[in-house]
Each structure stands twice: as C-alpha cells, then as structure tokens.
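Student:
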Amino acid sequence: MISRQDYQDKTKWKYERPSLAVDSVLLRYHEEKLQVLLLRRTARFDGDDQAGKLALVGGFQPNGLALEDNLIQKIFEKTGFQLEASQFEQLATFSEPEQDSQLWVVSVAFLAYLQVGQKQAVPTNLTDELVWVNLWLNQRGELQLEANGQVLLKEDLAFDHFHILQTALLRIKGRLSYQPTVLSILPAKNTMSAYRKFYACFWPGYKMMNSTDFWRKHKRFFTKTDQKVKTSKRQAALFTWQID
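The number in our numbering is simply the position in the sequence shown, starting from 1, with 260 added.
(1) How far does the beta strand (DSSP E) with Ala394 in it extend, from its first residue to its last?
(2) One question on the structure: do Val282 and Gln310 come within less than 9 Å of each other, judged by their Cβ atoms?
(3) State whether the region 310 to 319 contacts the region 413 to 425, with contact taken as three or more CB pairs (one from each stretch) at a distance under 8 Å.
(4) If contact is defined by three or more beta carbon pairs under 8 Å, each pair taking one atom from either stretch, is the region 382 to 397 in contact with the region 294 to 303?
(5) Ignore the nearest five residues each way along the sequence and tell me which others in Lys467's own chain have a CB closer than 6 Å to its CB.
(6) Taking Thr427 as the reference, give the member of Glu402, Leu413, Thr451 with the closest Cα.
(7) Assess, as a yes-or-no matter, whether the region 439 to 450 is touched by the region 351 to 358 under the definition of 3 or more beta carbon pairs within less than 8 Å.
(8) Taking 7 Å as the limit between beta carbons, can you name the residues of its chain near Ile432, skipping five residues before and five after?
(9) If I'm right that Gly312 touches Arg301 with Cβ under 8 Å, what's the distance once you round it to whole angstroms?
(10) With distances taken from CA atoms, which of Gln347, Gln362, Lys479 is nearest Asp308?
(11) Assuming Lys490 contacts Ala497 under a Cβ cut-off of 8 Å, what Cβ separation, rounded to an integer in Å, is found between them?
(12) Between Phe370 and Asn450, which are expected to be in contact by the criterion C-beta below 8 Å, what is the C-beta distance as a whole number of angstroms?
(13) Could you check the C-alpha separation between Leu436 and Pro464 for me, to the nearest Å?
(14) If you count every other CB in all the chains shown that lies within 10 Å of the CB of Ala372, and 16 or more means buried, which is it?
(15) Could you check where the beta strand (DSSP E) with Leu351 kicks off and where it finishes?
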C-alpha cells in the first residue's frame, strides 16, 4: 500500500478542478411586484459572449472565506446593500460544465431577502448597470421576467442564471404552505388581500381565491391585529406575519 503523500501526489492533478463561485437571488417586493436585482454585464475581454446580458449578483470564491461572508462582501461592493447572514438561505449548487464557455464553474446560489426600507449605500465596486427585474411564475410554473416594460427571455440572462431564478421561485412556491420565509421581504403588517396578491407571484391561482379562503388555508402564519386600513371598498383588518 502506498503512503498518504504518494497517494496525494498521484491524484492531485488527475481530475480537473472547477472554479467556485457564489450567486445571490436578491429579492424585494416593490409596488406589488416581486423583483430581483441583476447586473447588466460589461465585456470582461474581447469577444465576451456574456456582455450585455443580465446576471445575478455574486462572484468567485476566494480561499479562506466562508461562502456567506464572501457573498455579503460581493453584494455590498456591487449594489451598496449591506446584508446580514440571517437574510440568506442556501438554495442549491449548480455545476453544469457548459454554463460558462470559458471555464468550468461550480456555483453555490443563495436566496437573499431585502427588508422593507433597507438602505442602499453607494457601491464601491460597481462596474455593471444595476437592473431591477420583475419576476413571477405562470400557471404552468414557468418563470416570467420583465424589465422596463420589456419581456425578457432565457437568452437575455448570462450563464445558467435563468435556471437558478426558476429554481429559486419554485423552491419558494413549494414552501409557502409550511415555511414561507419569503414573507420577510414584506412590511410587518398587511391586509389579507395584500398577502394573497403577494402569493400570486408564485401561483396565479391565488388571484382568483377570495381573501377568506386564503386566510383559512394559511392562517397559521398570520395574526389579526386590532388595526384597520381604508381600502377602495371598505375598512380592512391588518395582519402581522410570523414564520414557525
């Protein structure tokens, strides 16, 4: 049997080693629309086939730094938003070799939830345009994207980022009935109608459901307050949200 050192020397360069990256699905809810913050990439080199496309906020992973710490740093440098570790949820690892034509990249993607009124500083390393993109799932669970009145297609996004976004929204949709952590991007108090409209971003069927039926289905996550707000039709009760 060979020694540990001989084994390490023998296998060290036998297998190709991918580059490691982190990406964030940075979400907010603004004017009754679910939005993700993307970057319009500038060319990194001559003939860059990803130039002009929209990409998730992230970057390559250096040695000696935790994934979440690196992502917090990347988001602040590129967007000006200072997030805490509690605002992240690990989504999935994406490793398709063909997603980048230049090199093999393994990406660890995170859901990142912006809080209402979260302040934005001036980015310290902004080289790409920041773009807020509206996103939702249609009746078939397919990702829909729109920015500045223009429908975006899969080809408008860099690398495999369309697939990452689709995975993110399907993950959130699947957890709405038992762990809706995405509620953290909403104000502390809302009407039941407002919650229902928010849920419709992940399944359009909620648009057709009345607020009473919605309340019965998801009441474990909402607590009625003694406050009311005037709507177009009547006074509506306000509810706080909580996550088990």
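For every residue, glycine included, the Cβ atom is placed at its ideal position computed from N, Cα and C.
Tutor: Here's the rundown:
(1) Residue mapping note: residue 394 aligns to position 134 of the sequence shown, counting from 1. The residue you asked about is not Ala; residue 394 is Asn in the sequence shown. Here the beta strand (DSSP E) through Asn394 covers 389 to 397.
(2) Numbered from 1 along the sequence shown, position 22 holds the residue referred to as residue 282. Numbered from 1 along the sequence shown, position 50 holds the residue referred to as residue 310. No; because the gap between Cβ atoms is not below 9 Å, this pair is not in contact.
(3) yes
(4) yes
(5) In the sequence shown, counting from the first residue as 1, residue 467 sits at position 207. Cβ neighbours of Lys467 beyond the five flanking positions: Ala460.
(6) Residue 427 sits at position 167 when you count from the first residue of the sequence shown. Measuring from the Cα of Thr427, the nearest candidate turns out to be Glu402.
(7) no
(8) Along the sequence shown, read from residue 1 onward, the residue named residue 432 stands at position 172. Only Val442, Phe462 meet the Cβ criterion.
(9) For this step, residue 312 is matched to residue 52 along the sequence shown. For this step, residue 301 is matched to residue 41 along the sequence shown. Gly312 to Arg301, Cβ: 7 Å. Contact.
(10) Against the sequence shown, residue 308 aligns to sequence position 48. When only C-alpha atoms are compared, the closest one is Gln362.
(11) By 1-based counting over the sequence shown, the position of residue 490 is 230. By 1-based counting over the sequence shown, the position of residue 497 is 237. Contact flag wrong, Cβ pair sits at about 12 Å.
(12) Along the sequence shown, read from residue 1 onward, the residue named residue 370 stands at position 110. Along the sequence shown, read from residue 1 onward, the residue named residue 450 stands at position 190. Not quite, the Cβ-Cβ distance comes to about 25 Å (not below 8 Å), so this is no contact.
(13) On the sequence shown, residue 436 is found 176 positions in, with the first residue counted as 1. On the sequence shown, residue 464 is found 204 positions in, with the first residue counted as 1. Going from the Cα of Leu436 to the Cα of Pro464 covers about 13 Å.
(14) Along the sequence shown, read from residue 1 onward, the residue named residue 372 stands at position 112. Buried, because 16 or more other Cβ atoms sit within 10 Å of the Cβ of Ala372.
(15) In the sequence shown, residue 351 corresponds to position 91, counting from 1. Here the beta strand (DSSP E) through Leu351 covers 348 to 354.
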